[in-house]
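Peer 1: Numbering follows the working numbering, in which position 35 of the sequence shown is assigned residue number 82; successive positions increment by one, without gaps.
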Amino acid sequence: MNIFNLGGGSGDLAGPASSATCSRKACRADASWQLLWNNPKIHTPDRRKVWLACGEHRAWLEDYLQTRGLWKETVPLEAAETGGNG
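Take a look at the structure:
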């Protein structure tokens with residue numbers, strides 16, 4: 048599963064880190080972080096949703112998720128590329 052083509056794109060990306068865009072509204076910066084979260088009211092405990100963040104918006108997005116009790120973990124975007132969970 049590739050999180051970068053879930054929106055129906057072709058998936059022909061040069062590289063996820065250079066093409067992934069920050070999830071903050073109106074931000075077009077390249078993402079360098081993954082914020083892993085889930086909503087315990089509707090997701091199983093092992094389910095993880097992913098927001099992408101640039102360096103400037105990482106703290107804002109983390110705070111947004113933490114305030115709502117949804118945040119689980121923040122990892123560098125490169126970690127997904129080398130994770131090996133194919």
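Built from N, CA and C at the ideal position, the CB exists for glycine as well.
1. With distances taken from CA atoms, which of Ala76, Ser70, Lys88, Val97 is nearest Val122?
2. Return helix, strand or coil for Leu117, following the three-state DSSP convention.
3. Apply the 10 Å Cβ neighbour rule to Arg115 and answer buried if 16 or more other Cβ atoms are within range, or exposed otherwise.
4. Do you know how far the Cα of Asn86 is from the Cα of Gly131?
5. Note down the Cα distance separating Gln113 from Gln81, rounded to an integer number of angstroms.
6. Between the C-alpha atoms of Pro66 and Leu99, what's the straight-line distance to the nearest angstrom?
Peer 2: This is what the structure holds:
1. Locating residue 122 in the sequence shown gives position 75, where the first residue counts as 1. Looking from the CA of Val122, the closest CA among Ala76, Ser70, Lys88, Val97 belongs to Val97.
2. Start at 1 with the first residue of the sequence shown, and residue 117 comes out as number 70. Three-state DSSP puts Leu117 in coil, outside helix and strand.
3. By 1-based counting over the sequence shown, the position of residue 115 is 68. Looking at its Cβ environment, which holds fewer than 16 other Cβ atoms inside 10 Å, Arg115 is exposed.
4. Position 84 of the sequence shown, counted from the start, is the residue given in the question as residue 131. Position 39 of the sequence shown, counted from the start, is the residue given in the question as residue 86. A caution first: Gly131 carries a pLDDT of 45, below 50, which makes its placement in the model unreliable, though a value can still be read off. Computed Cα separation, rounded: 25 Å.
5. The sequence position of residue 113 within the sequence shown is 66, counting from 1. The sequence position of residue 81 within the sequence shown is 34, counting from 1. Spanning the two alpha carbons is a distance of roughly 14 Å.
6. Position 19 of the sequence shown, counted from the start, is the residue given in the question as residue 66. Position 52 of the sequence shown, counted from the start, is the residue given in the question as residue 99. As written in the sequence, residue 66 is Ser, which differs from the Pro given in the question. Rounded to the nearest angstrom, the two C-alpha atoms are 11 Å apart.
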